[in-house]
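So the sequences go chain by chain: R and H. Following this note's numbering, the numbering of the first sequence begins with 34 at its first residue and continues without gaps. Following this note's numbering, the numbering of the second sequence begins with 5 at its first residue and continues without gaps. See below for the structure under consideration.
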Amino acid sequence: MNYQFNWSVLWSGQTGGWLLQGLLTTLQISLLGWLLAVALGIVSGALRTVPFPPLRWLATFYVEFFRNVPLLVWMFFWYFGVPPLLPEAVRNWLFDHGVEFWAGLCALGVYHGARFSEVIRSGIQSIPKTQFEAAISTGLTVAQSYRLIIIPIALRLIVPPATNESLNLLKNSSVALTIGVAELTFQTRQIETYTAKAFEALAAGTIVYLILCLSIAALMARVEKRFAIPGMIAQGTGD
Amino acid sequence: MDLQVITNNFAFLMQQGFFGIGNFVGGTLRLAVPAMVLGFLLGILIGLARLSRLRWLRWSATVYVEFFRGVPLVMVIFWFWFIIPNLLGKSLPEYSVALTAFVIFEAAYLGEIIRAGIQSVPKGQVEAATATGLARAQMMRWVILPQALRNMLPALVTQFIVLLKDTSLASIIGYVDLTKAAQIVNNREIRPFELYLFIAVIYWLCSYAMSSYARHLEKNLARS
């Protein structure tokens with residue numbers, strides 16, 4: 034291997050700023066995408082268990098279609114396919130305000146919403162049916178028993194698989210580089226292009242991802258301990 | 005909606021993009037199937053290493069798994085895209101780079117599935133195998149692995165679905181899979197909505213068929 038290492042490229046000139054900007058964009062798109070995904074996941078995950086078939090079918094269609102197609106295809110779909118169908122005013126606003134970020138956000142949030150939905154559904158289904166019956170018999174409506182009893186318990190049961198899924202979302206935000214979102218992987222590529230120091234650039238990006246993922250995993254392991262319901266083991270901890 | 009663009013380019017999208025028969029070295033299946041088989045073989049080694057009695061072996065397998073599970077696949081593909089030419093002193097075709105990256109990345113996930121599968125075999129089986137006088141390697145080969153494989157089959161099918169979807173990322177380095185084929189057609193026809201929706205349906209059909217199969221396997225397993 035004939036390669037001259039030069040680690041100083043990472044902090045000389047603009048490169049340090051690029052890395053930091055990339056990290057901020059990654060965090061921004063992941064956090065907003067996470068909020069969207071969790072909202073969609075809770076709504077569709079709960080809808081898949083309600084006793085009203087048409088709503089169940091709608092939620093099932095959403096989940097099965099969106100999670101079974103690669104995220105990259107969704108990126109292209111939202112970025113290239115959707116904007117031409119929007120009204121002119123909305124389109125102009127989007128093109129002035131970084132359309133790639135919003136398209137990436139939609140792709141990430143809607144795709145992971147479908148995956149969160151499965152996590153939440155398995156959480157709800159692991160709650161014994163008697164809990165729901167008990168809630169109804171105390172006089173709560175269906176909506177109230179979901180909001181006050183079922184969902185709070187389910188949220189505590191799903192901490193481990195939800196953590197896993199959140200980390201997937203964070204890692205998958207790197208796919209947004211394909212439509213030009215200047216996130217962390219995009220910036221490492223840019224540093225590589227400008228400095229021709231691929232090894233150093235990739236190593237820097239990789240280490241940042243590793244630190245992010247490992248520290249979130251460690252934090253959530255503590256949360257899991259704190260919120261575990263005694264006597265109930267969370268179901269479906271797989272990937 | 006203009007479905008003409010799909011019918012006109014159907015042969016290219018499916019033959020070249022999906023199966024990999026044509027002028028380019030490409031194809032979603034041509035990448036996903038070998039990547040799964042080779043990744044599985046490497047995954048067995050990693051799964052076994054995770055359960056080894058040798059501490060250094062266990063430790064290095066853990067580092068391997070945690071490393072690749074903590075880094076985005078896109079990053080790993082770029083690593084191989086850069087490292088292989090530097091190590092070999094010559095550049096390799098996209099296919100070899102993508103295949104290497106996928107095998108090594110997937111092996112980390114498959115290794116965890118295999119480890120869980122091995123751990124799901126009841127301890128009594130190990131004791132019985134030892135009692136009949138089998139050596140540790142023989143016991144693994146003839147008693148533990150066959151039962152473990154049966155238990156992990158649904159998880160393996162699910163992982164193959166993940167892999168099939170992930171192969172779309174090989175298009176980033178120029179490999180002509182289904183996604184890249186759609187991009188190529190789109191550059192000429194400029195009908196992104198129809199084209200990307202069409203390949204979404206193709207991916208969906210494959211994933212859905214396989215996940216139904218995985219559910220079927222799981223039911224059979226629960227019954228026996």
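C-beta atoms are modelled at their ideal positions from N, C-alpha and C, and glycine is treated no differently.
- The CB of C246 of chain R comes closer than 7 Å to the CB of G74 in chain H, given here in chain order.
- It is roughly 23 Å from the alpha-carbon of I148 of chain H to the alpha-carbon of E110 of chain H.
- Residues of chain R whose Cβ lies closer than 7 Å to the Cβ of S172 of chain H are, in chain order, P103, L105 and V106.
- The alpha carbon of I165 of chain H has as its nearest neighbour, out of H:L33, H:F16, H:N13 and H:G74, the alpha carbon of H:L33.
- Contact residues of the segment 76-90 of chain H toward chain R are P76, V78, M79, F82, W83, F86 and N90 (C-beta to C-beta distance below 7 Å).
- A residue is called buried once 16 or more other Cβ atoms fall within 10 Å of its Cβ, and I224 of chain R is buried on that count.
- Selection R:K230, R:T211 and R:N197 evaluated against R73 of chain H yields R:N197 as nearest (Cα-Cα).
- A contact between stretches requires three or more CB pairs, one per stretch, nearer than 8 Å, and the segment 95-110 of chain H fails this requirement with the segment 50-63 of chain H.
- DSSP, reduced to helix, strand and coil, places V180 of chain H within a strand of the structure shown.
- Chain-order list of chain H residues neighbouring Y36 of chain R: N90, by C-beta distance under 9 Å.
- Rounded to whole angstroms, the separation of the alpha carbons of I169 of chain R and M144 of chain H is 52 Å.
- As a beta-bridge residue in DSSP terms, G30 of chain H pairs with H:V180.
- Counting only runs that start and end inside the segment 55-133 of chain R, there is no beta strand (DSSP E) element of at least 3 residues.
- The segment 122-176 of chain H contains, as complete alpha helix (DSSP H) runs of 4+ residues, the segments 127-135, 140-143 and 149-170 (chain order).
- Under the rule that a run must span 3 or more residues, no beta strand (DSSP E) segment is found entirely inside the segment 62-130 of chain H.
- Residue environment for L57 of chain R: exposed (fewer than 16 other C-beta atoms within 10 angstroms of its C-beta).
- Taking the Cα positions, G128 of chain H is about 10 Å away from T134 of chain H.
- Under the rule that a run must span 4 or more residues, the alpha helix (DSSP H) segments found entirely inside the segment 200-242 of chain R read 217-228.
- One alpha carbon belongs to R154 of chain R, the other to V130 of chain H, and they sit about 36 Å apart.
- For a cut-off of 8 Å, the C-beta gap from A79 of chain R to Y179 of chain R is around 6 Å, short enough to register as a contact.
- Among the CB atoms of chain R, none fall inside 8 Å of the CB of P38 of chain H.
- Going by DSSP, W44 of chain R is part of no alpha helix (DSSP H) at all; its letter is neither H nor E.
- Excluding residues up to 5 positions away in sequence, L56 and L217 lie with their Cβ nearer than 7 Å to the Cβ of V241 of chain R in the same chain.
- In this chain, Q20 of chain H is not harboured by any alpha helix (DSSP H), its DSSP state being neither H nor E.
- Residue-level contact check: A204 of chain H touches chain R, since one or more beta carbons of chain R fall below 8 Å from its beta carbon.
- In this chain, the alpha helix (DSSP H) harbouring F202 of chain H covers P196 to R227.
- In the structure shown, A167 of chain R adopts helical secondary structure according to DSSP, grouped into three states.
- Cβ contact annotation for A147 of chain R (same chain, cutoff 7 Å, sequence separation greater than five): Y95, V96, F99 and R100, in chain order.
- Exclusion of the five residues before and after F106 of chain H leaves A39 as the residues of its chain whose Cβ lies within less than 6 Å of its Cβ.
- DSSP places A176 of chain R inside the alpha helix (DSSP H), whose first and last residues are V175 to S178.
- Scanning chain R for C-beta atoms nearer than 7 Å to the C-beta of W208 of chain H yields F98, N101 and V102, reported in chain order.
- Note on geometry: alpha-carbon atoms of S77 of chain R and V71 of chain R lie some 10 Å from one another.
- In summary, the residues of the segment 220-232 of chain R whose CB is separated from some CB of chain H by less than 9 Å are T221, R222, E225, A231 and F232, in the order they occur in the chain.
- When CB distances to chain H are screened at a threshold of 8 Å, the residues of the segment 112-137 of chain R falling below it are F113, G114, V115, P117 and L118, in chain order.
- The three-state secondary structure of F260 of chain R, taken from DSSP, is helix.
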